[in-house]
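Here the sequence shown is numbered in our numbering, starting from 2 and rising by one per residue.
All C-beta atoms, glycine included, are put in the ideal place defined by N, C-alpha and C.
Working notes, beginning with the structure itself.
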Amino acid sequence: MARCEPFAAHGFVLADFKRICFVLHAGMEISTFTVLGIETSCDETAAAVVRGAPPGPGEILSNIVFSQIEDHRPYGGVVPEIAARAHVEILDGVIEEALSGADVALGDVDAVAATAGPGLIGGVMVGLVTAKALALASGKPLIGINHLEAHALTARLTHGTDVPYLLLLASGGHCQLLAVRGAGAFRLYGTTIDDAAGEAFDKTAKLLGLPYPGGPAVEELAKRGDPKSLALPRPMLGRENCDFSFAGLKTAVRHAVKSGAAHRAEDVAASFQQAVIEVVCDRARNGMRRFVSEFAADGRRLVVAGGVAANTALRSALSTLAAEEGFTVTIPPPRLCTDNAAMIAWAGIERCAARNFDSLALEARARWPLAAAQR
Ligand code: KG4
Ligand code: ZN
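Written out as structure tokens, the structure reads:
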């Protein structure tokens with residue numbers, strides 16, 4: 002029997018390919034989908050295989066994340082050129098590992114999903130073009146995933162959370178509150194007018210001489226500091242809308258650090274983190290109230306996603322707030338809050354269920370907002 006050469010290693014046989022494509026494209030009932038996910042939008046090279054169906058939860062068969070942190074650490078941040086080159090070097094091996102770890106052959110997956118944006122364009126192109134090659138050679142459908150949507154839907158992968166829910170998405174590049182009504186259906190409540198929350202953590206870390214990435218390092222240091230020791234601003238606190246701002250806070254931290262006053266780094270970290278928590282909770286409270294006015298009959302659910310959701314102090318403050326407002330709160334485990342490919346595979350499963358595939362002409366996008374502003 003003819004074998005599709007590049008994937009012979011996965012036991013892929015042409016007859017299988019024809020049968021699976023027929024099943025999928027003929028629209029026959031497939032209750033559960035198995036999707037290969039690929040993530041390369043920043044400094045993590047990741048591949049995963051996930052099985053399931055909406056609303057979840059899904060089964061993570063493998064989840065390989067190769068962090069390039071050591072490559073970027075000397076520069077104090079991600080260098081796009083270095084990131085793209087590193088993705089080229091290791092992505093094929095990471096995909097092999099994800100497939101073999103899941104004990105799944107490429108011929109057994111229902112689709113190949115990859116981040117198509119937003120992100121560092123060189124890296125996004127590496128992942129997307131790899132997914133196109135795999136899809137083309139195997140005859141599997143290609144699905145280009147919005148990275149933010151993948152973060153947004155992770156709670157369905159981990160907890161099977163029903164829609165609608167209020168989403169706080171706080172990562173290195175974004176800080177937003179949105180109502181999620183389903184895959185591809187978002188209503189933006191508010192966003193940052195300057196820096197993202199994770200960016201503020203990263204910049205504060207740099208000012209304190211902490212290693213990249215800053216979030217975990219600041220959180221660790223803050224545990225030994227006094228959050229009341231520095232009087233830092235709370236940008237946007239008390240405003241009626243759901244927008245965020247962190248630039249002023251970062252500037253205040255810089256002044257405090259450079260002022261010559263003998264502040265302990267622990268105290269700066271703790272005071273900064275406390276300011277972020279208070280602002281985020283204040284904004285989230287407004288979001289919850291708006292959500293109740295729009296979706297009250299459908300339940301009160303808060304989901305927190307993105308790398309900053311890995312912060313334990315923030316997780317606990319948001320849980321307290323949610324209880325006060327009568328919301329349940331779902332926060333995926335830290336390793337699924339930061340960048341990973343399991344969330345990309347899951348978003349692919351949601352798209353499989355909707356039979357919403359992409360053509361091989363799909364373009365990589367550096368910018369790709371989740372929802373147009375609907376204020
Ligand atoms: O979602 P993510 O992994 O990548 C982006 O899509 O941006 O988020 C990375 C961001 C970084 O800014 C990092 O410093 C922050 O999440 N982060 C944290 C923590 N862990 C990661 N921020 C605060 N506390 C943490 N424990
Ligand atoms: Zn991310």
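query = Shortest alpha-carbon distance to Asp72 belongs to which of Ala85, Glu60, Asn64, Leu62?
reply = Selected option, being the one with the closest Cα: Ala85.
ask   = Helix, strand or coil for Arg301 per DSSP?
value = Per DSSP, reduced to three states, the secondary structure at Arg301 is coil, with no helix or strand assignment.
key: Among Pro58, Thr131, Ile146, the one whose alpha carbon lies nearest that of Ser139   = With distances taken between CA atoms, Ser139 lies nearest to Thr131 out of Pro58, Thr131, Ile146.
ask   = Between Glu71 and the ligand KG4, is the CB less than 6 Å from at least one heavy atom?
value = Distances from the CB of Glu71 to the heavy atoms of the ligand KG4 are all 6 Å or more.
key: Any C-beta of chain B under 7 Å from that of Tyr166   = Included in the structure is just one protein chain, with no chain B present.
request  = Tell me the start and end of each unbroken beta strand (DSSP E) in the region 164 to 204 that is at least 3 residues and wholly inside, in chain order.
outcome  = Entirely contained in the region 164 to 204, the beta strand (DSSP E) runs reaching 3 residues are, in chain order, 166 to 171, 176 to 183, 186 to 192.
query = By how many angstroms is the C-alpha of Ile194 removed from the C-alpha of Gly183?
reply = Between the C-alpha atoms of Gly183 and Ile194 there is a straight-line separation of about 26 Å.
ask   = Thinking C-beta only, is Trp369 closer than 7 Å to Gly59?
value = It is not a contact, given that the beta carbons lie outside the stated cut-off.
query = Buried or exposed: where does Arg157 fall if 16 or more other Cβ atoms within 10 Å of its Cβ makes it buried?
reply = Answer is buried; the Cβ neighbour count reaches 16.
task = In the DSSP assignment, find the beta strand (DSSP E) that holds Ser68 and state where it starts and stops.
result = Ser68 -> beta strand (DSSP E) spans 60 to 68.
inquiry  = Which residue wins for smallest C-alpha separation from Ala257, given the options Gly349, Ala270, Thr192, Ala285?
reply    = Among Gly349, Ala270, Thr192, Ala285, the Cα nearest to that of Ala257 is on Ala270.
query = Between Ser172 and the ligand ZN, is the CB less than 6 Å from at least one heavy atom?
reply = Annotation for Ser172 indicates a beta carbon within 6 Å of some heavy atom of the ligand ZN.
ask   = If you follow the alpha helix (DSSP H) that Ile39 is part of, which residue opens it and which one closes it?
value = No alpha helix (DSSP H) holds Ile39; the beta strand (DSSP E) holding it covers 34 to 40.
key: Close-in-space but distant-in-sequence residues of the same chain around Lys259 (CB under 6 Å, 5 per side omitted)   = In its own chain, leaving out the 5 sequence neighbours on each side, no residue places its CB closer than 6 Å to the CB of Lys259.
request  = Could you tell me whether any non-hydrogen atom of the ligand KG4 is closer than 6 Å to the CB of Phe245?
outcome  = No - the ligand KG4 has no heavy atom lying nearer than 6 Å to the Cβ of Phe245.
ask   = What is the DSSP secondary structure of Phe328, reduced to helix, strand or coil?
value = In this structure, Phe328 counts as coil in the three-state DSSP scheme.
inquiry  = Along the chain, where does the alpha helix (DSSP H) containing Arg291 start, and where does it finish?
reply    = From DSSP, the alpha helix (DSSP H) with Arg291 extends over 266 to 296.
task = May I have the straight-line CA-CA distance separating Leu371 from Ala318, to the nearest angstrom?
result = Roughly 26 Å separates the two Cα atoms.
Reference Glu267, options Ala47, Ser230, Glu364, Ile65, closest by Cα = Here the closest residue by C-alpha is Ser230.
query = Considering only residues of the same chain and omitting the five flanking positions on each side of Tyr190, which have a CB-CB separation below 7 Å?
reply = Closer than 7 Å at Cβ, skipping near neighbours: Leu178, Leu179, Ala180, Cys243, Gly288, Arg291.
message = Among the candidates Gly173, Asn357, Glu279, Asp196, whose CA atom is the shortest distance from the CA of Ala311?
response = Comparing Cα positions, the closest option is Gly173.
query = For Pro165, which residues from the same chain have a beta carbon less than 7 Å from its beta carbon, with the 5 sequence-adjacent residues on both sides left out?
reply = Residues Ala180, Val181, Arg182, Phe296, Asp299 of the same chain have their beta carbon placed closer than 7 Å to that of Pro165, with the five preceding and five following residues left out of the count.
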